[in-house]
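Below is one structure, written out as structure tokens; the observations come after it.
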Amino acid sequence: MPELPEVQTTVDGLSKKVLKRTFIDVWSDWEKIVKKPKNFGEFKRIIKGKKIQKVWRRAKNVIFDLSDGPALSHAEGYSLLVHQKMTGHLLIGNWKLEIGNWVPSGSGLLNDPYNRFLHLVFFLDNKEMLALSDARKFAKVELWKTEELLNSEEFNNLGPEPLEDSFTFIKFKEVLKNKKGKVKQVLMNPEIIAGIGNIYVSEILWQAKTHPEKRVEKLNSSELKLIYQSIKKVLTLGVKLGGESFSDYRKPDGSKGDFDTERKVYKREGQKCSRCGEKIKRIKVGQRSAFFCPHCQILHAKNIKSKNY
DNA sequence: CCCGGCGCCTGAGGGC
DNA sequence: TGCCCTCAGGCGCCGG
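Okay, structure coming up:
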């Protein structure tokens, strides 16, 4: 579910709460959610007593670097990886388990129904809990030796982080070189660029006035520049506003992100384009919904020019 | 190698 | 109210 802005918001929120905390215990009613190690008992045995030294993000993964003692050593340490997929989100709070259901104790925000699908709960040494709520149970949790994670194929196959300074226009053109396909699908491919999902890709392409089905190999330099600028602009705004919460996603304290006010096309089928007034359309691109303005984002656009180029 | 299709799961919302 | 249908922010796997 959560895309780069939501995962970053999660990481920023968690960093304030869980650094230097130690895992006391872990509970689950869906042990399959832990993919590595496959045996939940083994997962629990390793995780107990581990201290959280760092929380960070790579693509849509939340990663907790753990140590046995006060110091962090990459050679010896473990990393806990959480991918929230479609409907997962990490929460910090207090709950009580009553007849098989977790009920919030204390925080009113946690009465939000989207925060009640708790399938994995870590108990911390300050009496707080780190919980994963996931209605669809698609999320995955993996415990790695840090070194092995950093050297893993799945990690090294990931494309660049679009908000890093090293993601320049040159770099953008480089990663798209020899790539073919519809621009929407290419931008959503985490092995080409990390972190862009179905919501933000529609918003980025609206911003860039590019049709989602435009072939990426046919984009000219001006169009590429506009898309590049739009990626930076939209994702930066998404992070700044704490992500999008019209569906499942919530911040670690259970509250909603504020990107909704900036949502121009996603889930706005039939509504007026805020730029030109034309009705927003929805089509399927690679079996996923794409929202766009058929007036601003025409497939066979000619003479598109970007400013400052 | 590339692409499309399906699977994993369950809940929400709309039509009747 | 209930039933049935569609849809859902991700991604891995499989087969053509």
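Following the working numbering, the numbering of the first sequence begins with 380 at its first residue and continues without gaps.
Heads up, the beta-carbon is just placed ideally off N, CA and C, and yes, glycines get one too.
Bear in mind that the values here come from a model prediction, so they are computed numbers and not experimental data.
- For the 8 Å CB-CB criterion, residue 432 and residue 381 do not form a contact.
- Contact between the stretch 492-512 and the stretch 550-569 is absent, with fewer than three C-beta pairs closer than 8 Å.
- Every unbroken stretch of the alpha helix (DSSP H) spanning 4 or more residues and falling wholly within the stretch 415-465 is given here in chain order: 419-426.
- If you look at residue 577, you'll find it in the alpha helix (DSSP H) that goes 577-586.
- For residue 467, the enclosing beta strand (DSSP E) covers residues 467-472.
- If you ignore the 5 residues before and after residue 536, its C-beta comes within less than 7 Å of the C-beta of 570, all in its own chain and listed in chain order.
- Residue 528: member of the alpha helix (DSSP H) spanning 525-529, first to last residue.
- Exclusion of the five residues before and after residue 551 leaves 607 as the residues of its chain whose Cβ lies within less than 6 Å of its Cβ.
- As DSSP reads the structure, residue 664 sits in a beta bridge with 667.
- Sequence-distant Cβ neighbours of residue 393 in its own chain, meaning closer than 6 Å and more than five residues away, are 434, 631.
- The continuous alpha helix (DSSP H) containing residue 618 extends over residues 600-619.
- The alpha-carbon separation between residue 609 and residue 580 amounts to approximately 10 Å.
- Out of 455, 582, 507, the CA that lies nearest to the CA of residue 524 is found in 455.
- Here residue 520 is buried, its C-beta having at least 16 other C-beta atoms within 10 Å.
- For residue 404, the enclosing beta strand (DSSP E) has its first and last residue at 402-407.
- Residue state for residue 490 is assigned as helix, using DSSP reduced to three classes.
- DSSP links residue 495 through a beta bridge to no other residue.
- Nearest C-alpha to residue 430 among 480, 398, 673: 398.
- Shown here, residue 639 sits in a helix according to DSSP, grouped into three states.
- Taking residue 599 as reference, the option from 661, 679, 495, 669 with the minimal CA-CA separation is 679.
- Straight across, the Cα-Cα distance linking residue 572 with residue 582 is about 16 Å.
- Contact check for residue 458 against residue 469 fails: the beta carbons are separated by 8 Å or more.
- By the Cβ-count criterion, residue 672 is buried, with 16 or more other Cβ atoms from all chains shown falling within 10 Å of its own Cβ.
- CA-CA distance, residue 619 to residue 491, rounds to 23 Å.
- DSSP places residue 507 outside both helix and strand once states are collapsed to three, so it counts as coil.
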